[in-house]
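Taking it in order: structure first as structure tokens, then the write-up.
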Amino acid sequence: MTQMNGAQALTRQLQAEGSDTVFALPGAQIMSAFDAMYEVRDTISLIQTRHEQATTYMADGYAKVTGKPGVAMVVPGPGALNATSGLGTAYACSSPVLLISGQIPSMFLGKNTGQLHEISEQLDIFRPITKWNHRVTRAGEIPSAVHEAFRQMTTGRPGPVELEIPSDILSGSDDIRLVEKETFPHPSPDMEDIAAAAILISKSQKPAIIAGGGVVASGAHEQIRKLADLLQAPVMTTPLAKGVIPESDHLAAGVNSAIGPASVVLSDSDLLIAVGTRLSLRGVTPENMPTLVHIDVEKSQIGQKFTPEVGLVGDAAECLDSLISKVDMPSIDRGQRSERAVSLKEEFSKEVSRLAPEQVSVIDKISSALTHDTIVVQGMTNIGYWSCEALPMSEPRNYVSSSYFGTLGYVYPTALGSQAAFPDRPVVALCGDGGFMYSPQELSTAVKYGLNTIALVFNNGAFGASRWDQEHAFNGRYIGTDLHNPDFVMLAESFGATGIRTDTNGIGEAITKAMSANSPAVIDVEIDNMMPPFQIVE
1 MTQMNGAQAL TRQLQAEGSD TVFALPGAQI MSAFDAMYEV RDTISLIQTR HEQATTYMAD
61 GYAKVTGKPG VAMVVPGPGA LNATSGLGTA YACSSPVLLI SGQIPSMFLG KNTGQLHEIS
121 EQLDIFRPIT KWNHRVTRAG EIPSAVHEAF RQMTTGRPGP VELEIPSDIL SGSDDIRLVE
181 KETFPHPSPD MEDIAAAAIL ISKSQKPAII AGGGVVASGA HEQIRKLADL LQAPVMTTPL
241 AKGVIPESDH LAAGVNSAIG PASVVLSDSD LLIAVGTRLS LRGVTPENMP TLVHIDVEKS
301 QIGQKFTPEV GLVGDAAECL DSLISKVDMP SIDRGQRSER AVSLKEEFSK EVSRLAPEQV
361 SVIDKISSAL THDTIVVQGM TNIGYWSCEA LPMSEPRNYV SSSYFGTLGY VYPTALGSQA
421 AFPDRPVVAL CGDGGFMYSP QELSTAVKYG LNTIALVFNN GAFGASRWDQ EHAFNGRYIG
481 TDLHNPDFVM LAESFGATGI RTDTNGIGEA ITKAMSANSP AVIDVEIDNM MPPFQIVE
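Numbering (full-length UniProt numbering), first residue to last: 1 to 538.
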């Protein structure tokens, strides 16, 4: 044991767990922790944000592109409440994020005495949006609590956690023992279930695969590609798994959505192998679902929406390796499956180009300007929605989405968190003008820490999707959807960032210029309001 205070125990245990970055905003109850961060500044970078919501957004962006837990730290009460949207997004995306919240002194907890930042039963607020949360009651407990937080984040289905530490516990000293880092085991599949699934797969005439975020979390993209090649099975993905198979591959059927080829592939299949996904499938009911083999690390997910013929509980990579070794390939010619996937993609491309030529043109210009290692963060804007459908990705963890949470305003700080993880890679945030204005102050953070993220701000002077709804579903009765925007170029330059103005024709050249600027950049893209992709089927 070593004599140290609670804050030192916190930062040293974070070191022990392998953390290298903490996104934080200072305040009274966590100043001891900031002081302890000073002592470990050579191994853990502290990135100070300008709003608490950015701490968890950035931690989420960091986690999504690295697969490692992202760490955020804020004061209790208003600070913690500001951080909830980031935790909610992480929960929706099964993203490992640790929020460390300060707390009022222990002696005042639950007494409603009006302490600074006091909020009654704060733990209860976070329970619906975390896998686990806990309040520390003594300094000596901090290492084991941090260790448990990392175990919770990285075992089973990944997800966010919250740890509360009262200010007197952070400042109080004790003889404290740190906990060694562990590699936590994942559940292994039942081999009888593997054998049963292999028989189904071997007999299938028209198999298909859908890969979700669990494939990314497991690092199982090579296994997905190997199984797809073995079976000549088209592969659909969820937005969180975009890129697990190169979308130029002949077996790639795109993101599962209402307009892409994936829905047709699914309807034409006699077997679906679902890996690491909740199975939120548009237009699919238990009656028209093909025979299902469902693989997930969480037993509770198996059969939650659709009853599988075989459910495999285990790590995606291990399950797929076992399946690949057991599948017996009879003399079934499945070559037409890949040919069908290719023809469907060609038909989809032609039809979308006919129905949405401007949107496709913008996406093509963006794609042509990106390098192979560019990280793209999709904002809740029409071009962001179109990017999910039509911007080709070739590797996992290069495309970041807020999944079903649909978090307006998360895109820019999330991109900064991704940039903090990989400072030498291009990171492009696809922002609407409405969403970008949730956090323009984080340009200060970007400049201060050299996070040279490119914000593409699609400036149509409106909350575009909502305005489209008003135009087409509410007889043009516009109210509350138009925006009064600043000059985004001048705004960027006022922070010391690069500002570029263009229209959709010059977007590729603007991205190339921003990539060579060696500074954070904002590209103000003047654009008309566009039809979102989901309107095509409506």
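Using N, Cα and C, we set each Cβ at its ideal position, and we do this for glycine too.
CA-CA distance, VAL75 to ALA139, rounds to 18 Å. Judged by pairs of C-beta atoms under 8 Å, the segment 162–178 touches the segment 3–11, as three or more such pairs exist.
Nearest neighbour of GLY508 by Cα position, chosen from THR89, LEU456, PRO166, SER32, turns out to be LEU456. TRP468 is the residue among ASN485, VAL362, TRP468, PHE306 whose C-alpha sits nearest the C-alpha of TYR478. Here DSSP, grouped into helix, strand and coil, assigns ARG50 to coil. Note that the segment 413–432 touches the segment 443–454; at least 3 beta-carbon pairs, one per stretch, sit closer than 8 Å. With a beta-carbon spacing of about 16 Å, THR502 and GLY432 fall beyond the 8 Å limit used to define contacts.
When the Cα atoms are used, GLY464 and LEU483 turn out to be separated by approximately 10 Å.
Two segments are said to touch when three or more pairs of C-beta atoms, one from each, lie closer than 8 Å; by this definition the segment 343–355 touches the segment 261–269. Residue state for LEU231 is assigned as helix, using DSSP reduced to three classes. Secondary structure of ARG467 (DSSP, three-state): helix. Sequence-distant partners of LEU266 (beyond 5 residues in either direction) whose C-beta falls short of 8 Å from its own C-beta, in its chain, are ALA208, ILE210, MET236, ASN256, LEU272, LEU281, VAL284, PRO290. Under the 8 Å Cβ criterion, the segment 37–44 does not count as touching the segment 77–86, having fewer than three qualifying pairs. Residue range 262–267 is occupied by the alpha helix (DSSP H) that includes VAL264.
By the neighbour-count criterion, in which a residue is buried when 16 or more other Cβ atoms sit within 10 angstroms of its Cβ, HIS472 is exposed.
ALA252 and VAL71 have their C-alpha atoms spaced approximately 34 Å apart.
At the C-beta level, GLY159 and TYR91 come within 7 Å of one another.
Selection THR55, SER204, SER322, ALA317 evaluated against GLY88 yields THR55 as nearest (Cα-Cα). Under DSSP, GLU526 shares a beta bridge with ASN459, ASP503. If the five residues before and after LYS305 are omitted, its C-beta is found closer than 6 Å to the C-beta atoms of LEU279, all from its own chain and listed in chain order. Within 10 angstroms of the beta-carbon of ASN398 lie 16 or more other beta-carbons, which makes it buried. Judged by DSSP secondary structure, THR89 falls within the alpha helix (DSSP H) whose first and last residues are 84–92. A check of alpha carbon separations from HIS147 across SER94, LEU98, ASP268 identifies LEU98 as the nearest. Residue pairing by DSSP leaves PHE534 without any beta bridge partner. Listed in chain order, the beta strand (DSSP E) elements of length 3 or more contained wholly in the segment 359–425 are 375–378.
For GLY102, the enclosing beta strand (DSSP E) stretches over residues 97–103. Assignment of THR43 by DSSP, reduced to helix, strand and coil, places it in the coil class. Excluding sequence positions up to five before and after MET393, its CB lies within less than 7 Å of the CB of LYS242, GLY243, GLU247, TYR399, all in the same chain and listed in chain order.
Under the three-state reduction of DSSP output, THR155 falls in the coil class, being neither helix nor strand. Taking a 10 Å sphere around the C-beta of GLN535, we find 16 or more other C-beta atoms and assign the residue as buried. A direct Cα-Cα distance of roughly 14 Å separates ASN518 from LEU443.
For the set LEU163, ALA421, SER144, THR49, the Cα lying nearest the Cα of GLN122 is the one of LEU163. The segment 23–33 and the segment 95–110 touch, with no fewer than 3 CB-CB distances between them shorter than 8 Å. As summarised for the segment 169–234, the continuous beta strand (DSSP E) elements at least 3 residues long and confined to that stretch are 173–176, 207–211, given in chain order.
Within the same chain, and ignoring the five residues on either side of TYR404 in sequence, the residues whose Cβ sits closer than 8 Å to its Cβ are ALA92, SER280. In its own chain, leaving out the 5 sequence neighbours on each side, no residue places its CB closer than 6 Å to the CB of ILE366.
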